[in-house]
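Read through the structure below, which is laid out as structure tokens, and then see the notes.
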Amino acid sequence: MTDFGLIETIRVSNGYAMFLSDHTNRLIQSLQLLKINIDSETIFRKISNYIQQECKIQDSQNIRLRIQVKIIETRIVEWLVSSQKLYTSTFEINKIPLKIGFYDETYKEQNIHSNLKSTDRLIYDKAKKFALENSFDDV
């Protein structure tokens, strides 16, 4: 594996990470699947620290936190963290309906790695191009 990574995106509302245990467990299970052993307490503590740091940087208790774990071979090389300030603590429903399409030109292979949230963007980039070409808001 070269230049591969896992991604977790977490919504933080009023300083509280939504579904934190689900995000943490998915990341731990993904790392275990890739034969990378790291204890759950370390992951939980690391993510909790990132939430505090990014809330402070954004000067907000409402953020979208993105964590990318960069992996080479069977070791974690780097944790990349970014955040975006959210201007509301709740989810908002679109006032204008979205035009949604279905992209079926490429499929994800179904195997034990299918549910990994990875940095492999090819299928998503192709779907985005399809959406733009067909005036869809999303596919």
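Under the working numbering, the first residue of the sequence shown is numbered 23, with each subsequent residue one higher. Heads up, the beta-carbon is just placed ideally off N, CA and C, and yes, glycines get one too. Only a predicted model underlies this, so the values are computations on that prediction, with no experimental measurement involved.
The segment 84 to 94 / the segment 34 to 41 touching (three or more Cβ pairs under 8 Å): yes
Buried versus exposed, by CB contacts within 10 Å (16 or more), Asp-159: exposed
For Lys-107, the three-state DSSP class (helix, strand or coil): strand
Backbone CA spacing between Ile-122 and Asp-44 [nearest angstrom]: Rounded to whole angstroms, the gap between the alpha carbons of Ile-122 and Asp-44 is 27 Å.
When Ile-145, Asp-126, Glu-30, Gln-106 are compared against Phe-66, the one with the closest alpha-carbon: Glu-30
Runs of beta strand (DSSP E) wholly within the segment 49 to 115 (minimum 3 residues, chain order): 85 to 94, 97 to 107
Assumed close pair Lys-92, Gly-27 - CB separation to whole angstroms, cut-off 8 Å: Confirmed, Cβ separation roughly 5 Å.
Touch test, the segment 149 to 156 against the segment 121 to 140, Cβ-Cβ under 8 Å, three pairs minimum: Verdict: yes, contact present.
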